[in-house]
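Engineer: Below is the structure I would like to discuss, written out as structure tokens.
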Amino acid sequence: MSDLISLSIDEARRRLDAREISSLELTEAFLARIEATQGKLNTFISTTPEMARAQAEEADRRIASGDAGPLCGIPVGVKDIILARGTRTTAASAILKSYEAPYDATVVARMRAAGAVLVGKLNCDEFAMGSSNENSAYGLTRNPWDTDRVPGGSSGGSAAAVAARQCIVSLGTDTGGSIRQPAAFCGVTGLKPTYGRVSRYGVIAFASSLDQVGPIGRSVRDAAHLLRTIAGHDRLDSTSVDNPVPDYCSALTGDVRGLRVALPREYFADGLDDDVRRAVQAAAQQLQSLGATLEDVSLPHTEYAIATYYLIATAEASSNLARYDGTRYGVRLGNDSGLLGMYRKTRAGGFGPEVKRRIMLGTHALSAGYYDAYYAKAQKVRTLIRRDFNSVFANYDLILAPTTPTPAFKIGEKTDDPLQMYLTDIFTISANLAGLPGLALPCGSSADGLPIGFQLIGKPFDEETVLRAGDAYQRDTDWHTRLPQ
Amino acid sequence: MTDFEAVIGLEVHAELLTASKIFCGCSAKFGAAPNENTCPLCIGMPGVLPVLNRQVVEFGIKTGLAIHCEIQQRSRWSRKNYFYPDLPKGYQITQYDLPICLGGHVDIRLEGEDQDRSIPLTRIHMEEDTGKNIHDAHTDASLVDYNRCGVPLLEIVSEPDLRSSAEAGAYLRKLRAILQYLQVCDGNMEEGSFRCDANISIRPQGATELGTKAEIKNLNSFRSVERAIDYEIERQTKAIRAGESIVQETRLWDTDREVTRSMRSKESAHDYRYFSEPDLLPLDVSADWIERVKGELPELPDERSARFVSEYELPAYDAEVLTARKDVADYFEAAVGIHRNPKAVSNWVMGEVLRIVNDRKLDQELVIEAWPVSAQQLAGLIALIDDGTISGKIAKSVFEDLLDNDKSPASVVEEKGLSQVSDSAELESIVDGVLAGQDDKIAEYRAGKEKMLGFFVGQIMKKTQGKANPKLVNEILRKRLQSN
Ligand SMILES: [Zn+2]
Chain A
0 MSDLISLSID EARRRLDARE ISSLELTEAF LARIEATQGK LNTFISTTPE MARAQAEEAD
60 RRIASGDAGP LCGIPVGVKD IILARGTRTT AASAILKSYE APYDATVVAR MRAAGAVLVG
120 KLNCDEFAMG SSNENSAYGL TRNPWDTDRV PGGSSGGSAA AVAARQCIVS LGTDTGGSIR
180 QPAAFCGVTG LKPTYGRVSR YGVIAFASSL DQVGPIGRSV RDAAHLLRTI AGHDRLDSTS
240 VDNPVPDYCS ALTGDVRGLR VALPREYFAD GLDDDVRRAV QAAAQQLQSL GATLEDVSLP
300 HTEYAIATYY LIATAEASSN LARYDGTRYG VRLGNDSGLL GMYRKTRAGG FGPEVKRRIM
360 LGTHALSAGY YDAYYAKAQK VRTLIRRDFN SVFANYDLIL APTTPTPAFK IGEKTDDPLQ
420 MYLTDIFTIS ANLAGLPGLA LPCGSSADGL PIGFQLIGKP FDEETVLRAG DAYQRDTDWH
480 TRLPQ
Chain B
0 MTDFEAVIGL EVHAELLTAS KIFCGCSAKF GAAPNENTCP LCIGMPGVLP VLNRQVVEFG
60 IKTGLAIHCE IQQRSRWSRK NYFYPDLPKG YQITQYDLPI CLGGHVDIRL EGEDQDRSIP
120 LTRIHMEEDT GKNIHDAHTD ASLVDYNRCG VPLLEIVSEP DLRSSAEAGA YLRKLRAILQ
180 YLQVCDGNME EGSFRCDANI SIRPQGATEL GTKAEIKNLN SFRSVERAID YEIERQTKAI
240 RAGESIVQET RLWDTDREVT RSMRSKESAH DYRYFSEPDL LPLDVSADWI ERVKGELPEL
300 PDERSARFVS EYELPAYDAE VLTARKDVAD YFEAAVGIHR NPKAVSNWVM GEVLRIVNDR
360 KLDQELVIEA WPVSAQQLAG LIALIDDGTI SGKIAKSVFE DLLDNDKSPA SVVEEKGLSQ
420 VSDSAELESI VDGVLAGQDD KIAEYRAGKE KMLGFFVGQI MKKTQGKANP KLVNEILRKR
480 LQSN
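Line by line, the protein sequences give chains A and B.
Quick note on numbering that gives the first Met the number 0: the first sequence kicks off at 0 and runs consecutively.
Quick note on numbering that gives the first Met the number 0: the second sequence kicks off at 0 and runs consecutively.
Structure, rendered in structure tokens:
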């Protein structure tokens, strides 16, 4: 059984197609693994074993009829902020405690069409607001490498489940680093695609101009398979872009010769953990040894990224979360307190403290008299940050940087200090502000034995180059193959 | 005492006649069972995203071109944030800083004036309508119907350049006519598909600064708009004369008591926290698109009115009245097409036909097929007058018999034996019968009392139940009265 849960998508595909194993057997192996480890890790908010078995049987029929694509019969997990018809979808919030998704998100519909098997809905920070998965109304998720530590967030469940081999691949969302930071903390590979590459339809919105769905897997190759399935224009999301979707796996040639890689000075400044610095520099040299060129560059507006992000993201969130008012669905409190009383009690009781903090911050940033000083200014800085990247990408193919300043921190270590918590996203936020693809992958181990990651940021819609470089690195290293005990 | 002038600006919300809503595929039709026309999107379920209905933009461009606006090749969507049960997302998607149309004007002419006045417009923007809150008296529960939620609206904002309720009424009627001609809005004020808020202030005659304004809501008929403006001008004038100052506020028109009442003051006004809608791209309208719509614009009220004068030789007043509504003008042309006596058709349409249509409140319908007398019937009726079969007076009674059925006027005349008596011999004997034994009255006539003629005509008409050909009767009478 343990060999089944360790399979890559390609390995599983070969054995499924050869009829050595069935999707149902594969699915049962993962369901058993979830059963055995969920109590310790709390990676899932809901598991969907019945749906999974039915999908596995359907996948087996498709495989038998020779109609199986790369993902057919492959067990996947989905962040609980993404709607899947027939599942409870909570966004890790008490306010959606018993909310049944009435429709499929486009990414889910595409995975279903590809024959993927949905094993459950993964834990995360409430409405994707957080960097440690400690803001879930359904309990925190633990890091499989060290259960006293956080898995990162907000897609902490998605990264931890892949690391703990509860599913082969998973879907997360990334608004300011929510795929890449937990991927780094959990020693797995996660991609935030270009803004507009993947449909947001059916993804519960946190910050609409920043949110993007992406794959998490144990290798670049697995992530590439899942990206291929979910990417592409969607009529239902006006911000999704109608660019052709390349075959990402065939882009994984292993060849990075001549690739011009930029190292932004601002990402290697003081405050970077020594272990992280060493591991990331080693990763850069690895790519150099494979034929890429390295050069230091500057992204001068980096220091404003966090402030900019926390104005834009919270402003959009304050509006996106207005619909949770107790009127039509979800939790309603204060039914006898009049309209205003119902609004107040529902939202006071339904939202957790971090969500309320961000709604207040965002409401303030948009208020008359403050709009120009905060929101409008943040939009201007966002443009400057985007220009920083444009000018680097005029001469380089990729940017290489650490994913996080430190490895996974201890549970409770930063919960009392929101600003310290926000700083953990310092290296990931800029790619969201600029809408660029960012790949996080493991490149080392700390003195405590915790995974360390680095990230590759690419040009808009150039996921191919990002994935090619990441895959070439993984062909030459084994960090991604290491598993937590 | 200082004389004051009123400064009035109108904001019109016109619901568009698109088949589906502005951001989802639900039907935009009025009149479905509560919440029948809804889907996850228009009730604001988690995860939904708006998809723009291009027809709404097309209607926006069309309207903008018809009222001489500058169509903006790039506009954008914004969110207007506030909490209310009829607003499922907690924000309304609208246009704020960059609307689709800027400028423009609507030309009006008041009764008795011989020149148009051009009312300048500020802007037109597109937005989604809200749902409707309903209070259920039986259960004391508040209910919400989201059928209207997401129905596309155009908000057409005039400059504060109207000076009286009469101008405001003329502006609204003209604007509604244009929207109806364009077939973008049915203009139904009672059902709320054509709504109006009025901003009203007053200032000393000749002043250039604006006074403090009140915004008047709940104006659901032309009459309400006009009455509310008159009331508000009077209220503000009295207040200022009494040394009070006007408070900037929103006031509600009370249709029953015919007064405006304060609803909320500026201090308690919402902070809508507008920001640009991240779920939609900026709206780009190509020059080609604008050109195509321009080429497809239908004939509009002013053009049609001018054509009625030149083509049918109607008085300007008739042309104006007939073309003020597209359905009326269509009806007129249909009737004239069958029987070409434009002035007679015009008289009948402006008289009998509009009386019935207005009585029955069919003035909200755009379909003349629903009218109680068809254009064909009216044309047939006028033809019977013109060929001498019936008199104008008889025609009025035949008209009543034509209501709500598809009988031909000729068959009604035949059925009821209403044909005019135009047979000279028959009429002569009737005249003789009436004159017999009336020697004193005949003498009075001969002595110069001309009006006795009317008396005799009346008697003859009475005897023939109005069917005698009045022209012939006159001729015969005169002849008989002159000869001895
Ligand atoms: Zn709908």
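A virtual CB, placed ideally from N, CA and C, is assigned to each residue, including glycine.
1. Between R474(A) and S218(A), what straight-line distance do the alpha-carbon atoms span, to the nearest angstrom?
2. Would you check whether ligand 1 has a heavy atom nearer than 7 Å to the C-beta of G149(B)?
3. When you compare only the Cα positions, how much space is there between R71(A) and Q484(A)?
4. Taking 7 Å as the cut-off, does the CB of T129(B) come closer than this to any heavy atom belonging to ligand 1?
5. What are the boundary residues of the beta strand (DSSP E) that includes C487(A)?
6. Which of the three DSSP states, helix, strand or coil, is assigned to R199(A)?
7. Is there at least one non-hydrogen atom of ligand 1 closer than 7 Å to the beta-carbon of C41(B)?
8. Which of the three DSSP states, helix, strand or coil, is assigned to E10(B)?
9. T238(A) and L280(B) look like a contact to me (Cβ under 8 Å); what is the Cβ gap, rounded to whole Å?
10. G89(B) by DSSP, collapsed to three states: which one?
11. Just to make sure I have the definition right: I need the residues of chain B whose C-beta is within less than 7 Å of the C-beta of Y102(A). Which are they?
12. Can you tell me the Cα-Cα spacing of P45(B) and G111(B), whole angstroms?
13. How is W370(B) classed by DSSP in three states: helix, strand or coil?
14. Go ahead and label G416(B) buried or exposed: buried means 16 or more other beta carbons lie within 10 angstroms of its beta carbon, across all protein chains shown.
15. Taking the DSSP output, what are the residues bridged to M125(B)?
16. Would you kindly work out how many angstroms separate the C-alpha atoms of D79(A) and T402(A), rounded to a whole number?
17. For A312(A), I'd like the list of residues in its chain whose CB is within less than 8 Å of its CB, leaving aside the five on either flank, ordered along the chain.
18. Determine the contact status of L383(B) and F398(B), defining contact as a CB-CB distance below 8 Å.
19. List, in order along the chain, the chain A residues whose C-beta lies closer than 9 Å to that of K88(B)?
20. What do you reckon, is the C-beta of T37(B) under 7 Å from a heavy atom of ligand 1?
21. Among R75(B), N340(B), Q54(B) and P84(B), which has the Cα closest to the Cα of I42(B)?
22. If you run the structure through DSSP and keep just helix, strand and coil, what is T172(A)?
23. Can you tell me where the beta strand (DSSP E) holding E294(A) begins and where it ends?
24. From this set, A65(B), E14(B) and Y81(B), which residue's C-alpha is nearest L339(A)'s C-alpha?
25. Would you be able to state if there are at least three C-beta pairs under 8 Å between the segment 143 to 163 of chain A and the segment 397 to 412 of chain A?
26. Excluding sequence positions up to five away, which residues of its chain have a Cβ less than 7 Å from the Cβ of L101(B)?
27. May I ask you to verify whether the segment 89 to 106 of chain A touches the segment 185 to 202 of chain A, counting CB pairs closer than 8 Å and requiring at least 3?
28. Please report how far the alpha carbon of A83(A) lies from the alpha carbon of L282(B), in whole angstroms.
29. Let's test the definition: count the other Cβ atoms within 10 Å of the Cβ of H485(A) and tell me whether it reaches 16, buried, or not, exposed.
30. State whether the segment 156 to 176 of chain B contacts the segment 215 to 235 of chain B, with contact taken as three or more CB pairs (one from each stretch) at a distance under 8 Å.
31. Distance check for P314(B) and A378(B), CA to CA, integer angstroms please.
32. What is the residue span of the alpha helix (DSSP H) that F398(B) lies within?
33. Name the chain B residues that come within less than 7 Å of I203(A), Cβ to Cβ?
34. Nearest chain B C-beta to A367(A) closer than 8 Å, yes or no?
35. Please determine whether the Cβ atom of K20(B) lies at a distance below 7 Å from any heavy atom of ligand 1.
36. Per DSSP, what kind of secondary structure is T544(A) in: helix, strand or coil?
Structural biologist: This is what the structure holds:
1. 10 Å
2. yes
3. What sits at residue 71(A) in the sequence shown is Cys, not Arg. In a straight line, the C-alpha of C71(A) is about 29 Å away from that of Q484(A).
4. no
5. Missing from the structure shown is residue 487(A); chain A here goes from 0 to 484 and no further.
6. coil
7. yes
8. strand
9. 7 Å
10. coil
11. P39
12. 58 Å
13. coil
14. exposed
15. L153(B)
16. 23 Å
17. T174, G175, F205, A206, L209, R357 and G361
18. no
19. S318, N319, A321 and R322
20. yes
21. P84(B)
22. strand
23. T292 to V296
24. Y81(B)
25. yes
26. C68, E69, Q71 and R122
27. yes
28. 31 Å
29. Residue numbering for chain A in the displayed model covers 0 to 484; residue 485(A) lies beyond these limits and cannot be assessed.
30. yes
31. 20 Å
32. G391 to L401
33. P45 and G46
34. yes
35. yes
36. With chain A covering 0 to 484 only, the question about residue 544(A) has no answer from this structure.
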